[in-house]
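Residue numbers (my numbering), protein chains in the order written: chain H, 125 to 453; chain S, 31 to 123.
Built from N, CA and C at the ideal position, the CB exists for glycine as well.
Report on the structure given below.
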Amino acid sequence: MYAQMVETGTKRLKTLEEMSPEERDFQAKIDAETKIEPKNWMPEGYRKTLIRQISQHAHSEIVGMLPEGNWVTRAPTLKRKLQLMAKIQDEAGHGLYLYSAMETLGADRDEEIQKLHDGKAKYSSIFNYPTLNWADMGAVGWLVDGAAIVNQVVLQRTSYGPYSRAMVRICKEESFHQRQGYQILLDMMREGTQEQKDMVQDAINRLWWPALMMFGPHDDDSPNSQQSMAWKIKRKSNDELRQMFIDQTIPQLEYLGCTVPDPDLKWNEERGHYDFGEINWKEFYDVLKGDGPCNRERIATRRKAIEEGAWVREAAVAYAAKQKQRAAA
Amino acid sequence: MSEWRLYEVFVRSKHGLNHKHVGSVHAADNEMAMENARDLYTRRNEGVSIWVVPSEAITASASDEKEILFDPSEDKIYRHASFYKLPDEVGQM
Numbered sequence: 125m126y127a128q129m130v131e132t133g134t135k136r137l138k139t140l141e142e143m144s145p146e147e148r149d150f151q152a153k154i155d156a157e158t159k160i161e162p163k164n165w166m167p168e169g170y171r172k173t174l175i176r177q178i179s180q181h182a183h184s185e186i187v188g189m190l191p192e193g194n195w196v197t198r199a200p201t202l203k204r205k206l207q208l209m210a211k212i213q214d215e216a217g218h219g220l221y222l223y224s225a226m227e228t229l230g231a232d233r234d235e236e237i238q239k240l241h242d243g244k245a246k247y248s249s250i251f252n253y254p255t256l257n258w259a260d261m262g263a264v265g266w267l268v269d270g271a272a273i274v275n276q277v278v279l280q281r282t283s284y285g286p287y288s289r290a291m292v293r294i295c296k297e298e299s300f301h302q303r304q305g306y307q308i309l310l311d312m313m314r315e316g317t318q319e320q321k322d323m324v325q326d327a328i329n330r331l332w333w334p335a336l337m338m339f340g341p342h343d344d345d346s347p348n349s350q351q352s353m354a355w356k357i358k359r360k361s362n363d364e365l366r367q368m369f370i371d372q373t374i375p376q377l378e379y380l381g382c383t384v385p386d387p388d389l390k391w392n393e394e395r396g397h398y399d400f401g402e403i404n405w406k407e408f409y410d411v412l413k414g415d416g417p418c419n420r421e422r423i424a425t426r427r428k429a430i431e432e433g434a435w436v437r438e439a440a441v442a443y444a445a446k447q448k449q450r451a452a453a
Numbered sequence: 031m032s033e034w035r036l037y038e039v040f041v042r043s044k045h046g047l048n049h050k051h052v053g054s055v056h057a058a059d060n061e062m063a064m065e066n067a068r069d070l071y072t073r074r075n076e077g078v079s080i081w082v083v084p085s086e087a088i089t090a091s092a093s094d095e096k097e098i099l100f101d102p103s104e105d106k107i108y109r110h111a112s113f114y115k116l117p118d119e120v121g122q123m
């Protein structure tokens, strides 16, 4: 999930009796699957939760360009380079769709980006891991975008109209990302040298657990989920989504001829799902708090981009003002 | 970037269809709004024509006006062709 542990400000759901008439009408609309639109009345908590979730989601798309940007100049062929650039451009686009959805709630894009740069806003923990070899580009596309798709497909039905519509667009584009990633790995496994095959396994070993962490804490440790589910901002729980992802990914993994670094992973006939081992939650919380392998580097890169691009933005405004003056004269 | 205006983007997906709202962009002027809209909303042949309109130029109906604006047409069922029943012998009309 690209948004993890989004604060809702409430730890307990209000009963219908406790709600104001406006809140009751609002909840009735949600329950009837009527989309909420920007001009509709909404509880302040709903608005704030959405701003937090959508901005976190947008920040993840933007920061998510960095681990891939690392390989643009080192892609093995021109074809791979073009594909990678197209994917990165899509991520920028996804960030922008989401920032515009967020702005319909009255939030300001610059302010939210400032919060990211000040370390006050979160983004997905996954982007704080380094991309060390070319196979990581395959594994990121396949596993990270794959996990994002599982989450985002469900979010297409989220209750807030602009967020839902952004998700529809994003999902359409995302499957290209996953396929291009998987194909990188397939080619390496089919035609690669032993060294290249080892790179694939190494990439999966490093990224498997962080990919599972993307879905956030266990449902029992996710105090905000109940309210988010009642508002239908979230449609499925963290554990449900994680299980879906594992179930659909393992056959693809086996086709590659690779393994995951989890001795407890096995098919459970009775449940009809894969069982899997426990995630290292300490690592998850450390990364989320800012102490992952690349947190500082990512934020520093973002700040540098904004600061060093300031003159371009200023020049654009000056140029627009001059053109306007000329037209008036 | 706050000095940049917000524009709403409308894309005509195929010749013969209406422009449809797809989202918004920020830009310093109209030209840049067009370029940004192109880069953001038509990366995969989504359109043959784009409109960009400053968001502040749009007047929108408010949700609490829904009844005032749209209820009156609800009881005018005679405005629909299906209101007029024709004998089968008349055929298609």
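is_contact[residue i, chain H] using C-beta, thresh 9 Å
i	result
S112/S	no
S54/S	yes
M62/S	yes
D118/S	no
W34/S	yes
D59/S	yes
R74/S	yes
D101/S	no
L70/S	yes
A87/S	no
Cβ-based burial, residue i [other Cβ within 10 Å; buried from 16]
i	result
G416/H	buried
M123/S	exposed
A445/H	exposed
I88/S	exposed
I191/H	As written in the sequence, residue 191/H is Pro, which differs from the Ile given in the question. By the neighbour-count rule (16 or more Cβ atoms within 10 Å), P191/H is buried.
N362/H	buried
R35/S	buried
Beta carbon proximity, residue i to chain S, threshold 9 Å
i	result
Y221/H	yes
Q497/H	The structure shown does not extend to residue 497/H, since chain H is modelled only from 125 to 453, so the question has no answer here.
R450/H	no
Q213/H	yes
G188/H	no
E298/H	no
M125/H	Confidence is the limiting factor: at M125/H the pLDDT is only 49, short of 50, which leaves the residue's position unreliable and the question unanswerable from this model.
E227/H	yes
V441/H	yes
A290/H	yes
Q207/H	no
Q447/H	yes
M163/H	Correcting the residue type first, residue 163/H is Lys in the shown sequence and not Met. With 9 Å as the cut-off, K163/H counts as an interface residue toward chain S.
R427/H	no
S224/H	yes
R171/H	no
A210/H	yes
A444/H	yes
G230/H	no
G217/H	yes
R233/H	yes
Bridge-paired residues (DSSP) for residue i
i	result
S30/S	Past the boundaries of the shown model lies residue 30/S; chain S is included only from 31 to 123, so the question cannot be answered.
A57/S	R35/S
D214/H	According to DSSP, D214/H bridges with nothing at all.
H301/H	In DSSP, H301/H forms no bridge with anything.
N392/H	H397/H
H51/S	F40/S
Y284/H	I160/H
P84/S	Y37/S
Among the options, the one whose alpha carbon lies nearest that of residue i
i	options	result
G262/H	I294/H, A199/H, K244/H	A199/H
L422/H	D343/H, T255/H, S349/H	First, the amino acid is wrong: residue 422/H is Arg here, not Leu. Checking every option, the nearest Cα to that of R422/H belongs to T255/H.
K358/H	V278/H, C295/H, M143/H	V278/H
Q280/H	L140/H, L377/H, D260/H, K360/H	K360/H
I178/H	E161/H, I250/H, Y287/H, V264/H	Y287/H
R289/H	R68/S, H51/S, T72/S	H51/S
L222/H	C295/H, K138/H, Y170/H	C295/H
W333/H	N194/H, K244/H, R366/H	R366/H
Rounded separation between residue i and residue j - CA only
i	j	result
K211/H	K205/H	10 Å
V41/S	H397/H	44 Å
W165/H	A90/S	15 Å
Y284/H	T158/H	9 Å
V55/S	Y108/S	42 Å
M189/H	Q376/H	25 Å
G316/H	F369/H	27 Å
S184/H	Y247/H	5 Å
E131/H	I80/S	38 Å
I186/H	G219/H	6 Å
V78/S	Q213/H	21 Å
Y215/H	D399/H	A small fix is needed here, since residue 215/H is Glu in this sequence, not Tyr. Each residue's alpha carbon lies about 32 Å from the other.
Q447/H	A58/S	11 Å
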